[in-house]
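Notes to accompany the following structure.
Chains as they are written, first to last, in this note's numbering: chain H, 12 to 82; chain B, -8 to 64.
In structure tokens, the structure reads:
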């Protein structure tokens, strides 16, 4: 998997919100999505640009913040 | 105003927060006057101005949010 790991913070309060993020990212096609309800973060492994990821995540209507590339 | 009501079935909501998020987000769209989402009934009721927005667009907006929205047959 050559994808880069990008980490975002996302306003989320339940499993449904995590699923929404996964479905939205699934639509633009990413390698992997890991959501964490405790830390309220979404980690996406993909070659797609951060702009494209933000555009998709912003459609969820939730506050999204790009944290950066995760090693 | 000649507003209409659109009823959209929404799967994938698991808590009241999901319903609230949909209400707040859809309400901001041009042509949308009122939005009520029922978690129990898995239904979104939207009062809208047909000359500005239509049910298909409203369904797509909710789908793009990451839920599974469908218009009644």
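Glycine residues also receive a C-beta, built at the ideal position from the N, C-alpha and C atoms.
Which stretch, first to last residue, makes up the beta strand (DSSP E) that contains residue i?
i, result
"residue 47(H)", "43 to 47"
"residue 35(B)", "34 to 39"
"residue 33(H)", "Residue 33(H) -> not in any beta strand (DSSP E); alpha helix (DSSP H) instead, spanning 26 to 39."
Would you mind reading off the limits of the alpha helix (DSSP H) that contains residue i?
i, result
"residue 63(H)", "61 to 69"
"residue 58(B)", "Counting along the chain, residue 58(B) falls outside any alpha helix (DSSP H), and DSSP gives it neither H nor E."
"residue 10(B)", "7 to 18"
Can you tell me which of the options puts its alpha carbon nearest to the alpha carbon of residue i?
i, options, result
"residue 72(H)", "36(B), 30(B), 35(B) and 14(B)", "14(B)"
"residue 14(H)", "32(H), 46(H) and 60(H)", "60(H)"
"residue 17(B)", "4(B), 48(B) and 33(B)", "48(B)"
"residue 65(B)", "64(B), 43(B), 6(B) and 58(B)", "The requested residue 65(B) does not occur in the structure, where chain B is confined to residues -8 to 64."
"residue 33(B)", "57(B), 52(B) and 4(B)", "4(B)"
Looking only at its chain, what residues have a beta carbon closer than 7 Å to the beta carbon of residue i, apart from the 5 residues adjacent to it on each side?
i, result
"residue -5(B)", "39 and 41"
"residue 31(H)", "71"
Can you list the residues of chain H that residue i reaches, using a CB-CB cut of under 7 Å?
i, result
"residue 16(B)", "72"
"residue 58(B)", "31"
Starting from residue i, follow its DSSP beta bridges and name the residues at the other end.
i, result
"residue -1(B)", "35(B)"
"residue 19(H)", "53(H) and 77(H)"
"residue 26(B)", "37(B)"
What does residue i reach in chain H if we use C-beta pairs closer than 9 Å?
i, result
"residue 55(B)", "35, 38, 67, 70 and 71"
Closer than 6 Å by C-beta to residue i: which residues in its own chain qualify, once you throw out the five before and the five after it? Chain order, please.
i, result
"residue 41(H)", "55 and 57"
"residue 28(H)", "none"
Who are the near neighbours of residue i in its chain, counting only those whose CB is closer than 8 Å to its CB and skipping five residues on each side?
i, result
"residue 70(H)", "35"
"residue 54(B)", "60"
"residue 38(H)", "67"
"residue 50(B)", "-1, 60, 61 and 62"
Can you list the residues of chain B that residue i reaches, using a CB-CB cut of under 7 Å?
i, result
"residue 26(H)", "5"
Check whether the Cβ of residue i lies closer than 8 Å to any heavy atom of the ligand COA, and answer yes or no.
i, result
"residue 38(B)", "In the structure on display, the ligand COA does not appear, and there are no ligands present to speak of."
Can you find a CB in chain A that lies within less than 9 Å of the CB of residue i?
i, result
"residue 13(B)", "Considering every chain present, this structure includes no chain A. Its protein chains are H and B."
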